[in-house]
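Worksheet: one structure, shown below.
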Amino acid sequence: DVKVTQSSRYLVKRTGEKVFLECVQDMDHENMFWYRQDPGLGLRLIYFSYDVKMKEKGDIPEGYSVSREKKERFSLILESASTNQTSMYLCASSLLEGAYGYTFGSGTRLTVV
Amino acid sequence: GQQVMQIPQYQHVQEGEDFTTYCNSSTTLSNIQWYKQRPGGHPVFLIQLVKSGEVKKQKRLTFQFGEAKKNSSLHITATQTTDVGTYFCAGRDNFNKFYFGSGTKLNVKP
Chain L
120 DVKVTQSSRY LVKRTGEKVF LECVQDMDHE NMFWYRQDPG LGLRLIYFSY DVKMKEKGDI
180 PEGYSVSREK KERFSLILES ASTNQTSMYL CASSLLEGAY GYTFGSGTRL TVV
Chain A
7 GQQVMQIPQY QHVQEGEDFT TYCNSSTTLS NIQWYKQRPG GHPVFLIQLV KSGEVKKQKR
67 LTFQFGEAKK NSSLHITATQ TTDVGTYFCA GRDNFNKFYF GSGTKLNVKP
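Here the protein sequences come in this chain order: L and A.
Take the first sequence: its position 68, counting from 1, is numbered 187 in our numbering, and each next residue is one higher.
Take the second sequence: its position 77, counting from 1, is numbered 83 in our numbering, and each next residue is one higher.
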């Protein structure tokens, strides 16, 4: 069964901490994405990557960075966590043309206190 | 900028009733995808529509893509409690970027 695996299901961090969210896919997908999901706001794209070492800003990149050193792994970094970054974070991957849709991970619910 | 608007935000139906959610884009889309997210789960890809006026069916689910490729709908016939969840559309623009609608949360009363 193909998978996108996110390293943590729940995470609690303190304001100002540097936070790493890890995502690994085993489908050899070119594209990887990070979204955050908040009630009433739907899914908002933070960053995406079409290839190793390549990254592009999504709609809400402020306060985040990403790293893609290997094709299967896409990391989201919160440089200095703030309470407004408390959210559900979803990683997704897809084939280059996206014809078969995105495969999402189970999500990481991050709480910043 | 590009937006994909989805309505309604919530829908409560009695089991056996039909349900429809609508997506509208401000610009022409190259394709549109639909996803379902069960409570506590993550979005799962259902289908992609590409052609103008395209209609696809998956059992009790009917998906339509408008003639102008700016709107789409998902219709569920005779809802069941297993249909509970949030349904998202995601439209791809001509620059290859996907925009998710805000979702329609469906609740089905047995």
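Ideal placement from N, C-alpha and C gives every residue a C-beta, glycine not left out.
Separation of Q54 of chain A and Y129 of chain L (C-alpha to C-alpha, rounded to the nearest whole angstrom) is 31 Å.
Segment contact: the segment 147-161 of chain L against the segment 202-211 of chain L, three or more CB-CB distances shorter than 8 Å; contact assigned. Between F94 of chain A and chain L, the shortest Cβ-Cβ separation is below 8 Å.
In this structure, DSSP gives T26 of chain A an extended state, which the three-state scheme calls strand. Put simply, the CB of S108 of chain A is near chain L, with a gap under 8 Å to one of its CB atoms. When 7 Å is used as the limit between beta carbons, Q54 of chain A is near these residues of chain L: A218, G220, in chain order. G46 of chain A and S225 of chain L have their C-alpha atoms spaced approximately 9 Å apart. Of all C-beta pairs linking the segment 13-25 of chain A to the segment 140-149 of chain L, fewer than three are shorter than 8 Å, placing the two stretches out of contact.
Pairing H81 of chain A with F223 of chain L, the inter-Cα distance amounts to about 23 Å. Within the segment 179-195 of chain L, no residue has its Cβ closer than 7 Å to any Cβ of chain A.
The beta carbons of S79 of chain A and Y16 of chain A sit no closer together than 8 Å.
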